[in-house]
Structure formats: C-alpha cells, structure tokens
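Per the working numbering, the sequence shown starts with residue 775, numbered consecutively. The C-beta atom is built at its ideal place from N, Cα and C for all residues, glycine as well. See below for the structure under consideration.
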Amino acid sequence: MTHSRCTDGTPFEEELVNAMNDFANSAAAPDFDSAGIVRKTRRRRNTAIAGIAAALIVAGGGTAIATGGSDAPKPSTVATSTTTSTYNPAATIQLEDSKFKDEFGGLSLDFAKQRLLKMQLELGTVGKTDCGKNGKPGTVIAVDPHEPKIVSRGDTINLTLCAG
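Right, here's the structure in full:
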C-alpha cells in the first residue's frame, strides 16, 4: 500500500512514514473489561469487610469468655449504710432549660465553681457546717436554692461545705 508523498524525502523517510501510517490504521483499540474490574474490586472490598467483621466477632467472643464468671451463685452482700443511693436533693440544681439535674454533693469548692461557671450561674455565699463523720472536709454538702426549685441561668447559688 503506497501513500502519496507530501514532501520530497529520502526513500527511508517515505518507508518510515508509510509503516507508521499502516500501524496507526491497523491497530485495534484496547479492550477493557470494566465490569469485570468493578466486580473484582467489589469482591475484594466485601472480602476485607467480612474478614474484619469476623475478627471483631471473634475478639468479642473471646473477651466475653475471658471475663465470664463461674456458675456458682455470688454471695449476697449486706448493706452497711441505711441509704442505698448517694443522690442528695439538697445538693442538686435543676436548670429551667435542662432536663438533667446537676449533683454538687461531694465536689470540691474549686470544681463546684467551675460547674457553676459552665452552667452560667453566679456563686453566692460559701458557708461551712459540721457534717460529722458523713462527709469529707471541704466538699459541698448542700446548695441553695436546691431541687425541686428550678433555677434560671444567671441566678445566684449559695454553697455549704463540710467543715469536718
């Protein structure tokens, strides 16, 4: 197959141009199996996910077995105090725009100040009273006003600390 010459050239140049044109006109376009590539990628991803899930299940089962106890019944404990809860309404604040009650009982004065600041409440007077053997000195044992009264942001809260 011969092609027309655009310019006068050597026979080598003419042969080279003819060979390149023949190659360009006869080469088939590459064929990619895109669906197969996508399936292979999906299969690899699903296999990895299944492997990770299986490892998590095995780890969870191993943890459950390792922390499992014996079939023997646990001995019953005898309560040493008359109260079953540490909740103290006298040391609890309920904000009007919050559904949670904030317990201040047992907090240090510094931590109670931080909580009041975070709740946007003002610190009023800080008093001390003897709490006997029931409290740790320097911790909050009561707030005023306290639950069930609901306070607004900006209100002043008085604290009572255990004196010892």
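Asked	Found
Count the other C-beta atoms from every protein chain shown that fall within 10 angstroms of the C-beta of THR856, then say buried if there are 16 or more, exposed otherwise.	Residue confidence for THR856 is low, a pLDDT of 40 falling below 50, so the modelled location carries little weight and cannot support an answer.
Are the CB atoms of GLN868 and ILE924 within a distance shorter than 8 Å?	yes
Distance check for ASP918 and ARG927, CA to CA, integer angstroms please.	14 Å
At the level of alpha carbons, what is the spacing between VAL791 and SER800?	14 Å
Using a threshold of 8 Å, state whether the C-beta atoms of CYS936 and GLY898 are closer than that.	no
Would you say ALA886 and PHE874 are within 8 Å of each other, going by their C-beta atoms?	no
Please state whether the Cβ-Cβ distance between ASP929 and GLU896 is less than 8 Å.	yes
Using DSSP with H/G/I as helix, E/B as strand and the rest coil, what is SER808?	helix
On the DSSP bridge list, what partners appear for LYS902?	LEU935
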